[in-house]
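Just so we're aligned, residue 519 is where the sequence shown starts under this note's numbering, counting upward by one. Note that the Cβ used here is the ideal one computed from N, Cα and C, for glycine as well. In what follows, a single structure is set out as C-alpha coordinates and then discussed.
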Amino acid sequence: MSKMNEFVLAWMSHRNVLIQLLEKMEDEQINYKPWEDAMSLSELVLHISGSMDMFAKTVQNGVFVPPTEVVTVQSIGELKEIVTSQTNETKTILEQLTPAQLDKHIEFAGMNLPGHALLNSAKDHEIHHKGQLFTYARLLGIDELPFFVSR
(Lines of atoms letter the chains of each structure in order from A; the text may use other names.)
(Lines give C-alpha, C1' and ligand atoms only; values in the text may rest on other atoms or scores of the structure.)
Protein backbone atom coordinates (compact mmCIF):
# COMPACT_ATOMS: atom_id res chain seq x y z
CA MET A 519 0.00 0.00 0.00
CA SER A 520 1.36 3.41 -0.95
CA LYS A 521 1.95 6.13 1.62
CA MET A 522 -0.79 8.21 0.00
CA ASN A 523 -3.27 5.34 0.27
CA GLU A 524 -2.32 5.02 3.95
CA PHE A 525 -2.86 8.76 4.39
CA VAL A 526 -6.30 8.64 2.74
CA LEU A 527 -7.35 5.68 4.92
CA ALA A 528 -6.15 7.46 8.08
CA TRP A 529 -7.91 10.68 7.08
CA MET A 530 -11.12 8.83 6.21
CA SER A 531 -11.05 7.08 9.60
CA HIS A 532 -11.54 10.56 11.08
CA ARG A 533 -13.82 12.01 8.38
CA ASN A 534 -16.21 9.06 8.74
CA VAL A 535 -16.59 9.92 12.43
CA LEU A 536 -17.42 13.53 11.52
CA ILE A 537 -20.25 12.20 9.37
CA GLN A 538 -21.37 9.82 12.15
CA LEU A 539 -21.34 12.73 14.58
CA LEU A 540 -23.70 14.69 12.33
CA GLU A 541 -26.18 11.80 12.63
CA LYS A 542 -26.52 12.74 16.31
CA MET A 543 -27.39 16.38 15.60
CA GLU A 544 -30.80 18.02 15.13
CA ASP A 545 -31.74 20.85 12.77
CA GLU A 546 -32.27 23.33 15.61
CA GLN A 547 -28.65 22.81 16.73
CA ILE A 548 -26.89 23.99 13.54
CA ASN A 549 -26.59 27.59 14.76
CA TYR A 550 -25.37 26.65 18.26
CA LYS A 551 -22.33 28.60 19.50
CA PRO A 552 -20.74 27.79 22.87
CA TRP A 553 -19.68 31.44 23.18
CA GLU A 554 -20.54 34.60 21.28
CA ASP A 555 -17.53 34.76 18.96
CA ALA A 556 -17.30 31.02 18.30
CA MET A 557 -18.07 29.41 14.98
CA SER A 558 -21.57 27.99 14.91
CA LEU A 559 -21.90 24.22 14.77
CA SER A 560 -22.56 24.35 11.01
CA GLU A 561 -19.71 26.83 10.42
CA LEU A 562 -17.31 24.55 12.32
CA VAL A 563 -18.38 21.50 10.31
CA LEU A 564 -18.03 23.37 7.02
CA HIS A 565 -14.63 24.70 8.13
CA ILE A 566 -13.48 21.15 8.86
CA SER A 567 -14.76 19.80 5.56
CA GLY A 568 -13.62 22.73 3.46
CA SER A 569 -10.12 22.94 4.92
CA MET A 570 -8.95 19.52 3.77
CA ASP A 571 -10.46 20.27 0.35
CA MET A 572 -8.51 23.55 0.24
CA PHE A 573 -5.24 21.86 1.22
CA ALA A 574 -5.73 19.00 -1.25
CA LYS A 575 -6.33 21.51 -4.06
CA THR A 576 -3.29 23.51 -2.92
CA VAL A 577 -1.05 20.44 -3.18
CA GLN A 578 -2.68 19.47 -6.48
CA ASN A 579 -1.98 22.93 -7.96
CA GLY A 580 1.38 23.57 -6.28
CA VAL A 581 0.30 26.99 -4.99
CA PHE A 582 -2.09 28.12 -2.27
CA VAL A 583 -5.72 27.78 -3.32
CA PRO A 584 -8.02 29.96 -1.16
CA PRO A 585 -11.00 28.31 0.51
CA THR A 586 -14.25 28.09 -1.39
CA GLU A 587 -17.05 30.55 -0.70
CA VAL A 588 -18.88 30.40 2.61
CA VAL A 589 -22.10 28.40 2.45
CA THR A 590 -25.09 28.79 4.76
CA VAL A 591 -27.14 25.69 5.54
CA GLN A 592 -30.64 25.35 6.92
CA SER A 593 -30.65 21.73 8.09
CA ILE A 594 -28.46 18.89 9.27
CA GLY A 595 -29.49 16.99 6.14
CA GLU A 596 -28.17 19.78 3.94
CA LEU A 597 -24.97 19.94 6.02
CA LYS A 598 -24.45 16.17 5.64
CA GLU A 599 -24.95 16.41 1.87
CA ILE A 600 -22.29 19.12 1.59
CA VAL A 601 -19.82 17.23 3.80
CA THR A 602 -20.40 13.98 1.90
CA SER A 603 -19.95 15.70 -1.46
CA GLN A 604 -16.79 17.53 -0.34
CA THR A 605 -15.43 14.33 1.18
CA ASN A 606 -15.87 12.43 -2.07
CA GLU A 607 -14.32 15.24 -4.11
CA THR A 608 -11.39 15.65 -1.72
CA LYS A 609 -10.77 11.89 -1.55
CA THR A 610 -10.59 11.75 -5.36
CA ILE A 611 -8.07 14.61 -5.44
CA LEU A 612 -5.93 13.01 -2.73
CA GLU A 613 -5.92 9.63 -4.49
CA GLN A 614 -4.72 11.26 -7.73
CA LEU A 615 -1.80 13.23 -6.26
CA THR A 616 1.57 12.28 -7.71
CA PRO A 617 4.85 11.85 -5.81
CA ALA A 618 6.10 15.06 -7.48
CA GLN A 619 3.07 17.01 -6.20
CA LEU A 620 3.54 15.58 -2.71
CA ASP A 621 7.23 16.54 -2.67
CA LYS A 622 6.82 20.03 -4.14
CA HIS A 623 7.36 22.83 -1.60
CA ILE A 624 4.48 25.25 -1.20
CA GLU A 625 4.38 28.64 0.55
CA PHE A 626 1.65 28.71 3.18
CA ALA A 627 1.19 30.90 6.28
CA GLY A 628 4.82 32.02 6.27
CA MET A 629 6.11 28.46 5.88
CA ASN A 630 7.58 26.59 2.94
CA LEU A 631 6.45 22.97 3.24
CA PRO A 632 6.39 19.94 0.96
CA GLY A 633 2.88 18.94 -0.07
CA HIS A 634 2.88 15.81 2.08
CA ALA A 635 3.71 17.86 5.20
CA LEU A 636 0.95 20.33 4.36
CA LEU A 637 -1.54 17.45 4.07
CA ASN A 638 -0.43 15.99 7.40
CA SER A 639 -0.96 19.39 9.01
CA ALA A 640 -4.40 19.53 7.38
CA LYS A 641 -5.29 16.15 8.87
CA ASP A 642 -4.12 17.32 12.31
CA HIS A 643 -6.20 20.49 11.84
CA GLU A 644 -9.27 18.39 11.06
CA ILE A 645 -8.72 16.18 14.12
CA HIS A 646 -8.34 19.28 16.32
CA HIS A 647 -11.61 20.80 15.13
CA LYS A 648 -13.43 17.46 15.27
CA GLY A 649 -12.51 17.42 18.97
CA GLN A 650 -14.15 20.82 19.30
CA LEU A 651 -17.25 19.45 17.60
CA PHE A 652 -17.38 16.62 20.15
CA THR A 653 -17.36 19.30 22.86
CA TYR A 654 -20.20 21.15 21.12
CA ALA A 655 -22.18 17.90 21.06
CA ARG A 656 -21.62 17.27 24.78
CA LEU A 657 -22.62 20.87 25.60
CA LEU A 658 -25.81 20.29 23.60
CA GLY A 659 -26.59 17.31 25.83
CA ILE A 660 -25.73 14.58 23.34
CA ASP A 661 -24.48 11.69 25.45
CA GLU A 662 -24.06 8.85 22.95
CA LEU A 663 -21.20 9.79 20.67
CA PRO A 664 -19.17 7.75 18.20
CA PHE A 665 -15.60 6.76 19.03
CA PHE A 666 -13.18 9.49 17.89
CA VAL A 667 -11.83 7.34 15.05
CA SER A 668 -13.37 4.54 12.98
CA ARG A 669 -11.36 1.37 12.48
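message: Could you give the first and the last residue of the continuous beta strand (DSSP E) run that contains P632?
response: M629 to P632
DSSP state of E613 mapped onto helix, strand, coil: helix
Cα-Cα separation, V589 to H623: 30 Å
- prompt: How about the segment 643-650 and the segment 586-605: do they share at least three Cβ pairs that are nearer than 8 Å?
  reply: no
Proximity to E524 [Cα-Cα], best of L540, E546, S639 and E613: E613
task: Measuring alpha carbon to alpha carbon, tell me which of E596, L562 and A574 ends up nearest G649.
output: L562
message: I need the boundaries of the alpha helix (DSSP H) containing F573, first residue and last residue.
response: L559 to N579
message: Can you look up E625 in the DSSP assignment and give me helix, strand or coil?
response: strand
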